[in-house]
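Chemist: The structure follows.
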Amino acid sequence: MSTRFRATRSTVTERAASRRGGFPLFVAGGQYALAMRWSQLFVPTLRDAPADAEAASHRLLIRGGFIRQLHSGHYTMLPLGWKVHEKVADIVREEMNAIGGQEFLFPAMHPKSLWEASGRWTTMGDEMFRLQDRSGTDVGLAMTHEEAFAQMALEVNSWRALPQIWYQLQWKFRDEPRPKAGLLRVREFVMKDAYSLDIDDAGLDESFDKHHGAYLRIFGRLGLDAMPVEASSGAMGGSGSIEFMVESPSGEDDVVRCPNCDYRANVERAASAVAPIDDDTPPDAPEKFATPGIRTIAALEEAGAPADRQIKTMVMVIDGAVTLALVRGDHQLNMQKLQDATGGVDIRPATPDETVKHLGAAPGSLGAVGVDAEIRIYADHALDGRTNMTTGANEDDFHWRGVDIARDISVTEWVDLREVSAGEPCISCGSTLEIVRCIEAGHIFKLGTRYAEAMGAHVLDAEGQKRTIVMGSYGIGIGRNMAAVAETHYDDKGLTWPVSVAPYEACITAMKVDDEATMIAATALYDELRGAGIDVILDDRDARAGVKFADSELIGIPHRITIGPRGLKDGMVEHTVRSTMETSDVALDAVAALVTDAITAAR
RNA sequence: CGGGCAGUGGCGCAGGUUGGUAGCGCGCCUCGUUCGGGACGAGGAGGUCGUGGGUUCAAAUCCCGCCUGCCCGACCA
């Protein structure tokens with residue numbers, strides 16, 4: 000063994016050991032030795048994926064023997080899957096440690112009182128799993144840990160201790176209404192959740208930026224092309240909010256992206272430039288006119304009112320109160336924007352009965368002109384200043400025209416409600432916006448003082464003044480990222496993991512297991528690569544070549560070394576790079592160095 | 001929760017409308033021949049047809065209830 004290998008080995012050993020808190024993962028050991036031979040491993044690969052697996056990652060992770068479903072939204076990690084999962088987790092750990100993060104482990108089961116302190120015992124609703132212990136005490140399974148970390152922050156008493164970055168990797172439980180797509184959306188998953196503690200907003204900004212950088216490094220190492228986008232803060236509350244999005248058809252979010260400048264935003268947040276509309280000369284007063292049978296924007300358009308000169312009136316019930324949301328006739332209401340604008344918790348469309356009761360007409364003839372002053376009216380900015388508009392008259396078969404919004408409608412608040420559509424002009428550069436489907440791989444946001452205030456987490460500043468700790472919250476779903484990598488790294492043969500998270504970095508495929516020369520060479524190479532710190536597996540199964548090739552390609556091992564009598568008689572083996580499937584003949588005594596260099600460079 | 005669909009050996013499916021006690025491919029076990037790209041032959045193991053009830057001489061099949069899972073929408077790492 001060359002000295003170069005020894006050097007590589009110690010580097011990797013140390014790195015692995017530091018990742019695992021002194022617990023070496025990828026070095027030779029009694030436990031690891033068992034995992035050397037494929038013939039002894041439990042890797043149940045499938046020729047056919049279950050029919051109900053649709054997403055590419057779902058299909059391939061099941062076929063490759065990485066995961067199995069226990070029930071809806073709950074997956075078992077098989078040895079191969081857990082290995083990948085932990086490699087992802089270790090990358091996250093390393094980058095969190097690199098920005099000064101300190102790892103904790105909080106319980107997953109929390110007392111009701113902790114969540115009552117922040118008010119989320121109620122507001123989390125059905126999303127939270129709840130149960131009672133034997134004495135009848137209510138407990139919940141944590142969906143996230145703001146409360147718990149904020150409570151821990153009670154023990155930080157001086158400004159001198161700040162800033163702090165605290166994190167953990169812990170199971171989260173969420174009673175998702177609809178688990179789907181394998182690991183992409185589940186009810187039980189490991190999340191790396193981090194929380195920053197700062198004395199003020201400037202400190203928070205700094206902690207936030209540190210995480211932003213760490214996240215980009217994490218996704219880079221995972222081989223994910225993740226773009227930071229402006230996002231809604233959702234149920235967590237807070238101001239600044241950035242999601243890291245990976246483009247994929249299996250995603251669940253729509254991101255507005257400008258091909259020309261760097262504008263990127265979740266549709267829940269995105270804006271676009273809206274061209275002005277010529278309203279012509281408006282009349283002095285609105286005029287009611289009969290519109291028999293007309294119930295839709297399109298029908299009204301045929302009757303002479305262009306959609307962009309109509310007001311669309313959506314009746315919503317926000318925390319029990321009937322509320323109107325107004326957008327231009329050709330625009331779509333975005334529910335998240337309405338929620339963000341109103342601060343509502345429970346938002347739903349009104350039922351037809353509620354609509355008739357409060358507005359006097361059924362959907363299709365609704366408007367905001369002259370409605371009960373009790374009803375709050377939120378109007379989209381695109382309607383601001385508009386005149387000569389057409390809208391429902393709250394009387395079946397009648398509409399108003401010549402409506403001047405400022406004059407005729409008592410708008411409670413002007414807000415951003417409309418959803419951006421593809422093809423609209425970018426708000427910052429005017430280029431044509433596109434909308435791409437994405438997986439939300441990570442989310443960072445500025446919580447402010449909400450949780451620290453609720454838990455009473457204060458410090459004394461340099462002047463001896465009591466200050467509420469300012470917090471940030473930063474999440475990455477480990478399993479989801481594993482799925483996102485799979486979702487973006489595969490071909491018709493199977494997965495093409497990047498070296499950083501591959502279940503094994505290299506596979507030695509012995510072509511003829513009853514050929515002594517083959518097995519001696521394969522075993523020696525295996526020892527040499529292990530010695531060089533390579534995470535390598537020896538496929539010693541007594542199976543046909545096609546089966547072994549297909550399996551190594553399916554599970555996506557980046558490098559394969561094929562050893563058989565045919566090449567061996569000339570001292571040659573084959574090296575195949577999984578991502579490109581390029582195969583080359585290499586001298587047996589040169590292949591270890593070649594593969595080691597390639598893997599080391601790719602880590 | 002609203003809309004659509006499906007539960008039959010480990011996986012993929014047929015059978016169902018025309019009730020008669022379950023079949024195919026892959027996988028698994030044994031033997032032989034093969035074997036550098038998912039081999040072939042012979043033999044074999046494996047299923048309360050999701051579940052409860054009903055109709056019937058007889059139910060995988062018809063009827064009702066329930067459970068579970070998947071896909072599309074409202075929520076999130």
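According to numbering that gives the first Met the number 0, the first sequence is numbered sequentially starting from 0.
In this text, a Cβ means the ideal position worked out from N, Cα and C, and glycines have one as well.
All figures in this text were calculated on a predicted structure; none of them were measured in a lab.
#1: Compute the distance between the beta-carbons of E486 and A52, then report whether it is under 8 angstroms.
#2: Would you mind reading off the limits of the alpha helix (DSSP H) that contains A272?
#3: Quick check on the burial criterion: 16 or more other C-beta atoms within 10 angstroms. Buried or exposed for L130?
#4: At a cut of 8 angstroms, does the segment 208-227 reach the segment 467-478 through at least three beta carbon pairs?
#5: Applying the 10 Å Cβ sphere with the 16-neighbour rule, what's the burial state of S157?
#6: Let me make sure I understand the geometry here. Which of Q335, P351, T350 and A501 has the alpha-carbon closest to that of V344?
#7: In terms of residue numbering, what span does the alpha helix (DSSP H) encompassing W114 cover?
#8: Just confirm the distance between the C-beta atoms of W165 and F148, as a whole number of angstroms; I'd bet it's less than 8 angstroms.
#9: Just to confirm my understanding: we take M95, look at its own chain, exclude 5 residues before and 5 after, and list those with CB closer than 8 angstroms. What are they?
#10: On the three-pair Cβ rule with 8 angstroms, is the segment 341-360 touching the segment 307-320?
#11: Return the first residue and the last residue of the alpha helix (DSSP H) that E515 is part of.
#12: Could you check if N333 is buried or exposed, using at least 16 other CB atoms within 10 Å of its CB as the buried criterion?
#13: When the Cα of H357 is compared with those of G363, V370 and S112, which residue comes out closest?
#14: With respect to the beta strand (DSSP E) encompassing H574, which residues constitute its N-terminal and C-terminal limits?
#15: Taking DSSP's pairing of strands, which residues face D379 in a bridge?
#16: Quick one: grab the DSSP three-state call for Y166.
#17: Which whole-angstrom value describes the C-beta separation of C323 and T312, a residue pair presumed to lie in contact below a C-beta threshold of 8 angstroms?
#18: Going by DSSP, what residues sit across from H630 in a beta bridge?
#19: Residues bridged to M35 by DSSP?
#20: What is the DSSP secondary structure of N393, counted as helix, strand or coil?
#21: CB-CB under 7 angstroms to Q331, same chain, minus the five flanking residues each way: which ones, in chain order?
#22: If you draw a straight line from the C-alpha of I434 to the C-alpha of L59, how long is it?
#23: When you compare each of L161, Y74, V189 and W114 to L104 by their alpha carbons, which one comes out closest?
#24: Let me make sure I understand the geometry here. Which of P348, L337, L161 and P49 has the alpha-carbon closest to that of A378?
Modeler: Reading off the structure:
#1: The residue you call residue 486 lines up with position 487 of the first sequence. The residue you call residue 52 lines up with position 53 of the first sequence. No. Outside cutoff.
#2: Here the question's residue 272 lines up with position 273 in the first sequence. Taken as a continuous stretch (DSSP letters only), A272 belongs to no alpha helix (DSSP H), as it is neither H nor E.
#3: Position 131 of the first sequence, counting from 1, holds the residue named residue 130. Counting Cβ neighbours within 10 Å, L130 comes out exposed, since fewer than 16 surround it.
#4: yes
#5: Walking along the first sequence from the start, residue 157 turns up at place 158. Exposed, because fewer than 16 other Cβ atoms sit within 10 Å of the Cβ of S157.
#6: Numbered from 1 along the first sequence, position 345 holds the residue referred to as residue 344. Nearest of Q335, P351, T350 and A501 to V344, Cα basis: Q335.
#7: Looking up residue 114 in the first sequence gives position 115. First-last of the alpha helix (DSSP H) with W114: K111 to S117.
#8: In the first sequence, residue 165 corresponds to position 166, counting from 1. In the first sequence, residue 148 corresponds to position 149, counting from 1. Right, the Cβ-Cβ distance comes to about 6 angstroms (below 8 angstroms), so this counts as a contact.
#9: Against the first sequence, residue 95 aligns to sequence position 96. So the qualifying residues of the chain are E102, I164, Y166, K191, A193 and A213.
#10: yes
#11: Taking the first sequence and counting its residues from 1, one reaches residue 515 at position 516. Unbroken alpha helix (DSSP H) run through E515: E515 to G530.
#12: To locate residue 333, count along the first sequence from 1; it is residue 334. Buried, because 16 or more other Cβ atoms sit within 10 Å of the Cβ of N333.
#13: To locate residue 357, count along the first sequence from 1; it is residue 358. Ranking the options by Cα distance to H357, first place goes to V370.
#14: Within the first sequence, residue 574 is the residue found at index 575, counting from 1. M571 to V576 is the span of the beta strand (DSSP E), which, as asked, contains H574.
#15: Against the first sequence, residue 379 aligns to sequence position 380. Answer by DSSP bridge pairing, in chain order: V414.
#16: Translated into the one-based positions of the first sequence, residue 166 becomes position 167. Strand, per DSSP.
#17: Working through the first sequence from its first residue, we reach residue 323 at position 324. Working through the first sequence from its first residue, we reach residue 312 at position 313. Sequence check: residue 323 is Leu here, not Cys. Between T312 and L323 the Cβ distance is about 6 angstroms, and since that is below 8 angstroms, they are a contact.
#18: With the chain covering only 0 through 602, there is no way to say anything about residue 630.
#19: Residue mapping note: residue 35 aligns to position 36 of the first sequence, counting from 1. None, per the DSSP bridge assignment.
#20: As a first step, residue 393 must be located in the first sequence, where it is residue number 394. Note: N393 maps to strand in three-state DSSP.
#21: As a working mapping, residue 331 is identified with position 332 in the first sequence. Closer than 7 angstroms at the Cβ level, and outside the excluded window around Q331, lie R417 and E418.
#22: The sequence position of residue 434 within the first sequence is 435, counting from 1. The sequence position of residue 59 within the first sequence is 60, counting from 1. Approximately 27 angstroms between the Cα atoms of the pair.
#23: Here the question's residue 104 lines up with position 105 in the first sequence. Measuring from the Cα of L104, the nearest candidate turns out to be V189.
#24: Within the first sequence, residue 378 is the residue found at index 379, counting from 1. Selected option, being the one with the closest Cα: L337.
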